[in-house]
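These notes concern the structure reproduced below.
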Amino acid sequence: MSRKIAVIGAGPGGLTAAMLLAHRGYSVRVFEKEDRPGGRSASVTGEGFTFDTGPTFLMMTFILREMFQAVGRDLDDYCRVVPLDPMYRLNFRDVNFEPSRDNDVTRQRIADTFPGEEAGFDRFLKRESRRYRYMYPCLQKPYGTIFSMGSPQLLRAAPHLSAGKSLFRVLGDYFSDENLRISFTFQAKYLGMSPWNCPGLYAMIPYIEHRFGIDHVEGGLSRISDAMARVIEEEGGKMLYSTPVRKVMTDAGGTARGIELEDGTREEFDAVVVNADFGYAATNLFEPGTVRKWNASRLQRSNYSCSTFMLYLGLEGTWEEPHHQIILANDYKKNINEIMGEKVLSNDISVYVRNATLTDGTLAPEGKTALYVLVPVPNTRAPIDWTTGLVSEFRGRVLERIAERTSMKDLEERILFEKVVTPFDWRDSYRIMYGATFNLGHNIMQMLYFRPHNRFEEVRRCYIVGGGTHPGSGLPTIYESARISSGLIARDLPVR
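The numbering of the sequence shown is my numbering, which starts it at 7 and goes up by one.
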């Protein structure tokens with residue numbers, strides 16, 4: 007009889023792990039509290055409009071392809087991947103910059119927009135290619151013991167850590183213009199961090215964008231979740247929707263023995279994979295006293311990402327605005343400090359707008375637009391009450407900023423469908439600790455060995471996947487977390 011594996015949560019990490027394990031011959035059951043797969047990578051639908059709930063940038067698509075290849079599948083048989091060019095528009099108060107997936111085109115646009123800075127782009131590509139070559143393989147292995155921090159691979163990568171330097175400072179080695187430095191450091195938002203505090207080693211992220219490009223999936227990135235769920239079932243696994251888990255059952259020796267559902271049903275398993283938000287899981291999915299290292303006190307002391315205020319707008323009409331557009335605050339550094347440092351709402355806000363209907367006609371009825379709007383805001387540790395009239399006031403501020411800086415001037419009159427998600431919704435409905443949508447922060451002392459381990463150090467036969475474990479937030483690294491954890495299960499509990 008094959009070994010039984012329970013996967014709690016059908017987010018990208020849980021789905022990838024389940025897919026890999028089912029293909030290896032394990033009996034896999036995925037328990038998801040919602041009625042569809044995806045978690046934060048599911049979809050929002052209504053009135054004929056479709057929106058991705060969370061992630062919208064598909065980077066390092068080759069990693070996703072590797073996950074499908076590992077189970078004998080071709081991603082292109084399940085999803086239509088669409089390369090984006092330009093990759094996005096950076097909308098500053100006085101200038102727009104649109105990097106291309108073609109480095110020669112980007113170099114020329116830098117020369118046109120930021121004269122004299124183009125040589126810095128060449129230095130950036132050359133030097134950051136070395137960082138990527140040494141550092142990325144370090145993100146593909148587990149760090150379950152302190153001794154793993156002394157591995158030859160990590161020691162070889164150490165000179166490329168840029169220890170003590172922030173991401174913004176590292177980009178100062180290449181560019182002098184502040185807006186251009188912001189153009190290569192705003193990616194810290196993918197980690198929910200400030201470029202002025204984000205570790206310099208994450209200069210890998212803009213390099214990855216410029217080396218591999220950014221892609222879209224027709225129908226939205228939620229189609230990846232749908233495809234993975236389909237593969238799991240093709241491999242004999244079971245997807246159990248609307249089936250929330252109450253807790254992981256452990257024996258007296260601290261070994262996971264199964265799960266208990268919210269309805270009281272208990273089922274034994276040989277191992278449990280947890281894809282819930284890590285902070286929520288550590289405080290809610292285990293009996294009191296089981297989790298000691300990552301107890302409530304430590305979780306409260308930990309560093310967390312920012313949160314987001316979301317608008318999903320189904321609109322009458324269309325606009326020739328880019329697929330991805332980041333409208334940057336007039337004083338971006340102040341805006342970021344207010345979010346991450348002072349933990350207050352900015353008057354001068356930055357807004358990410360995704361006009362995917364420009365590229366993908368499946369997302370909205372003909373002649374209409376599915377507009378995704380994201381505003382970075384403080385997480386729920388901040389004394390901000392999102393249950394008051396603040397939501398309406400802030401929503402108005404967001405629409406006003408879009409009207410100021412784009413051709414979308416009359417959104418309010420064109421709304422046919424609307425959904426609003428606040429940090430309280432992320433915390434309460436999506437069960438994300440502090441509504442920190444990008445999970446635990448990625449400061450040096452919350453990386454590698456110092457991040458929650460893939461083989462959970464608190465409970466034997468329990469494994470963690472998702473943005474809260476190593477290697478961290480972002481779809482490619484979440485896929486890597488699943489590859490690492492499924493590999494550990496195969497090593498610890500070989501298929502019989």
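Backbone N, C-alpha and C fix where the C-beta goes; we use that ideal spot for every residue, glycine too.
- Here L481 is near L64, since their CB atoms are less than 8 Å apart.
- Rounded to whole angstroms, E372 and A16 show a C-alpha spacing of 32 Å.
- Every beta strand (DSSP E) stretch that sits fully inside the stretch 269-320 and reaches 3 residues is listed by chain position as 272-274, 277-280.
- A Cβ-Cβ distance of about 6 Å is found for the pair N309 and Q452, placing them in contact under the 8 Å criterion.
- For the beta strand (DSSP E) assignment, the uninterrupted runs of no fewer than 3 residues enclosed by the stretch 187-242 are, from N- to C-terminal side, 220-223.
- Secondary structure at E322: strand, using DSSP grouped into helix, strand and coil.
- Runs of the alpha helix (DSSP H) lying entirely within the stretch 34-96, each at least 4 residues long, are 67-76 in chain order.
- With a beta-carbon spacing of about 29 Å, A370 and G19 fall beyond the 8 Å limit used to define contacts.
- Y358 sits in a strand when the DSSP states are folded into three classes.
- Between the C-alpha atoms of I11 and K425 there is a straight-line separation of about 36 Å.
- Judged by DSSP in its simplified three-state form, T393 adopts coil rather than helix or strand.
- For the 8 Å CB-CB criterion, L21 and S231 form a contact.
- Listed as beta-bridge partners of M245 by DSSP are V36.
- Across the structure, A233 and G44 are spaced so that their CA atoms are roughly 10 Å apart.
- Closest by C-alpha distance to P205, out of E215, T191, F218, R217, is T191.
- Beyond the five residues adjoining it in sequence on each side, G285 comes within less than 6 Å, by CB distance, of L305, M439 in the same chain, given in chain order.
- Out of L317, T394, S492, R467, the CA that lies nearest to the CA of I408 is found in L317.
- Following the DSSP letters along the chain, one finds H330 inside the beta strand (DSSP E) bounded by residues 330-333.
- In the structure shown, the three-state DSSP call for P148 is coil.
- At the C-beta level, F292 and V254 come within 8 Å of one another.
- Residue environment: P158 is assigned as exposed (fewer than 16 neighbouring CB atoms within 10 Å of its CB, all protein chains considered).
- Between the alpha carbons of G259 and E464 lies a gap of roughly 11 Å.
- Membership of M141 in the alpha helix (DSSP H) is indicated by the continuous run 124-141.
- DSSP places F400 within a helical segment (H, G or I) once states are collapsed to three.
- Per the C-alpha coordinates, the member of F120, R35, M25 positioned closest to Q75 is M25.
- In the three-state DSSP reduction, F430 falls in the helix class (H, G or I).
- If the five residues before and after G178 are omitted, its C-beta is found closer than 7 Å to the C-beta atoms of R187, all from its own chain and listed in chain order.
- It is roughly 14 Å from the alpha-carbon of P165 to the alpha-carbon of S135.
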